[in-house]
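Number of protein chains: 2
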Amino acid sequence: MDALNSEARKENENYLTLQELLHVKSDLDESCILHQSLSLIADKWTLLVLMALMQGTKRNSELQRQIKGISPKMLTQTLKTLISYGMVDRKAYPEVPPRVEYCLTEFGISTADPLTALLNWSVAWEEQLVKLYKEKVAR
Amino acid sequence: MDALNSEARKENENYLTLQELLHVKSDLDESCILHQSLSLIADKWTLLVLMALMQGTKRNSELQRQIKGISPKMLTQTLKTLISYGMVDRKAYPEVPPRVEYCLTEFGISTADPLTALLNWSVAWEEQLVKLYKEKVAR
DNA sequence: CCGAATCCAGAACGATACTG
DNA sequence: CAGTATCGTTCTGGATTCGG
Numbered sequence: 697m698d699a700l701n702s703e704a705r706k707e708n709e710n711y712l713t714l715q716e717l718l719h720v721k722s723d724l725d726e727s728c729i730l731h732q733s734l735s736l737i738a739d740k741w742t743l744l745v746l747m748a749l750m751q752g753t754k755r756n757s758e759l760q761r762q763i764k765g766i767s768p769k770m771l772t773q774t775l776k777t778l779i780s781y782g783m784v785d786r787k788a789y790p791e792v793p794p795r796v797e798y799c800l801t802e803f804g805i806s807t808a809d810p811l812t813a814l815l816n817w818s819v820a821w822e823e824q825l826v827k828l829y830k831e832k833v834a835r
Numbered sequence: 697m698d699a700l701n702s703e704a705r706k707e708n709e710n711y712l713t714l715q716e717l718l719h720v721k722s723d724l725d726e727s728c729i730l731h732q733s734l735s736l737i738a739d740k741w742t743l744l745v746l747m748a749l750m751q752g753t754k755r756n757s758e759l760q761r762q763i764k765g766i767s768p769k770m771l772t773q774t775l776k777t778l779i780s781y782g783m784v785d786r787k788a789y790p791e792v793p794p795r796v797e798y799c800l801t802e803f804g805i806s807t808a809d810p811l812t813a814l815l816n817w818s819v820a821w822e823e824q825l826v827k828l829y830k831e832k833v834a835r
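Residue numbers (the numbering used here), protein chains in the order written: chain A, 697 to 835; chain B, 697 to 835.
What follows is the structure, given as structure tokens:
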């Protein structure tokens with residue numbers, strides 16, 4: 697268990713560990729880059745919309761169908777936020793009935809990297825996590 | 697740019713990509729393991745408390761000083777949640793005045809792995825992210 | 001020193017109905 | 001089909017006060 701220093705992956709010269717970050721700046725607050733980036737994508741639907749678009753360009757109604765339980769309002773709102781972030785592109789075709797397509801930008805695609813790491817951690821601790829989540833929503 | 701399939705890291709047999717996850721289950725909702733694990737740690741202070749404890753065992757008052765802007769209530773509450781998750785251990789010494797120490801469990805330490813990935817993504821896109829965060833809090 | 005209890009403001013989210 | 005507007009609820013987090 698060498699998670700803290702992640703030596704295994706440090707072949708890459710530019711790889712930065714949490715310890716190194718804390719060494720540079722041990723005061724912790726909202727200016728922490730980790731806190732900032734997490735707060736941008738950590739709401740109820742953003743993650744799911746990003747994942748759906750990882751499969752490729754989709755229309756509004758396709759997203760609506762694929763993402764169970766999302767309301768039209770929240771879908772639109774989440775997409776608008778992601779567009780303002782520069783993570784999603786919107787293309788509207790001047791047709792009747794209207795057709796609108798959404799796809800990820802390069803920046804949007806880049807989120808796959810940290811999300812994949814989170815996925816593999818989640819799978820490794822899945823039993824624990826699922827139990828905790830159930831308890832959480834039970835409240 | 698091969699973020700979606702992360703071939704570079706697939707030397708590891710067990711490595712799972714987002715595409716593979718979506719292939720197994722293309723319906724997206726709150727049962728998605730990624731959504732569940734993210735929702736457990738994605739609140740205002742959890743991340744900062746975890747990071748502080750990555751440096752080692754600490755007392756309540758040390759955490760209070762190091763984490764700028766956190767109120768005693770939110771510190772206690774966040775610690776209690778992390779203890780209930782099994783990510784943090786609490787040791788109380790029967791002294792006067794009381795002394796209480798907190799440290800990470802193996803599960804807590806394991807969060808360093810996804811967090812380090814998020815950190816390196818954040819640093820790669822730092823300029824973009826900091827700008828977006830500023831706009832977000834301005835609202 | 002450590003933490004519990006209470007009250008409250010604001011944000012996030014959901015349901016519904018409506019427009020081009 | 002895509003998106004907007006309005007309203008109401010729920011949840012989060014902050015301020016303050018009190019107790020062991």
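A virtual CB, placed ideally from N, CA and C, is assigned to each residue, including glycine.
Between the alpha carbons of methionine 750 of chain B and valine 784 of chain A lies a distance of about 34 Å. Leucine 712 of chain B places its beta carbon 8 Å or farther from that of valine 826 of chain A. When rounded, the separation of the alpha-carbon atoms in threonine 807 of chain A and serine 757 of chain A is 23 Å. The beta carbon of proline 790 of chain A sits closer than 7 Å to no other beta carbon from its chain once the five residues preceding and following it are set aside. Using a Cβ-Cβ distance cut-off of 8 Å, the segment 759 to 768 of chain B and the segment 728 to 747 of chain B are in contact, since at least three pairs of beta carbons, one from each stretch, lie closer than that value.
The C-beta of proline 810 of chain B has 16 or more other C-beta atoms within 10 Å across all chains shown, which makes the residue buried.
Looking at B/Met747, B/Leu828, B/Leu815, the one whose alpha-carbon comes closest to that of serine 780 of chain A is B/Leu828.
Leaving aside the five residues that flank methionine 770 of chain B on each side, the residues in its chain whose CB is nearer than 8 Å to its CB run, in chain order, Lys740, Trp741. Cβ contact annotation for glycine 782 of chain A (same chain, cutoff 7 Å, sequence separation greater than five): Thr801, Phe803, in chain order. According to the DSSP assignment, leucine 800 of chain A belongs to no alpha helix (DSSP H) but to the beta strand (DSSP E) extending over 795 to 800.
For leucine 734 of chain B, at least one C-beta of chain A is nearer than 8 Å to its own C-beta. Cβ neighbours of glutamine 762 of chain B within its own chain (closer than 8 Å, five residues either side excluded): Ala748, Lys754. A distance of 8 Å or more separates the beta carbons of leucine 724 of chain B and leucine 815 of chain A. With respect to the C-alpha of lysine 787 of chain B, the residue from B/Glu797, B/Lys830, B/Pro793 having the closest C-alpha is B/Glu797. Look at tyrosine 711 of chain B here: in three-state DSSP terms it is coil, with no helix or strand label.
Residue contact check for serine 757 of chain A against chain B: no CB pair falls below 8 Å.
Taking 8 Å as the threshold, the shortest C-beta distance from alanine 808 of chain A to chain B falls below it. Residue burial is scored here from C-beta neighbours: serine 735 of chain A has at least 16 other C-beta atoms within 10 angstroms and is therefore classed as buried. What glycine 752 of chain B touches in chain A, judged by beta-carbon distance under 8 Å, is nothing: the nearest beta carbon there is about 10 Å away. Rounded to the nearest whole angstrom, the CA to CA distance from histidine 719 of chain A to histidine 719 of chain B is 41 Å.
According to DSSP, arginine 755 of chain B shares a beta bridge with B/Glu797.
The Cβ of alanine 788 of chain B sits no closer than 8 Å to any Cβ of chain A. Chain-ordered, the chain A residues with CB closer than 8 Å to the CB of valine 819 of chain B read Leu712, Ile729.
Taking 4 residues as the minimum length, the alpha helix (DSSP H) runs contained wholly in the segment 719 to 752 of chain B are 729 to 737, 742 to 750, in order along the chain. Annotated three-state conformation of lysine 787 of chain B is strand, per DSSP.
Within chain A, Leu828 have C-beta atoms less than 7 Å from the C-beta of tyrosine 781 of chain B, given in sequence order.
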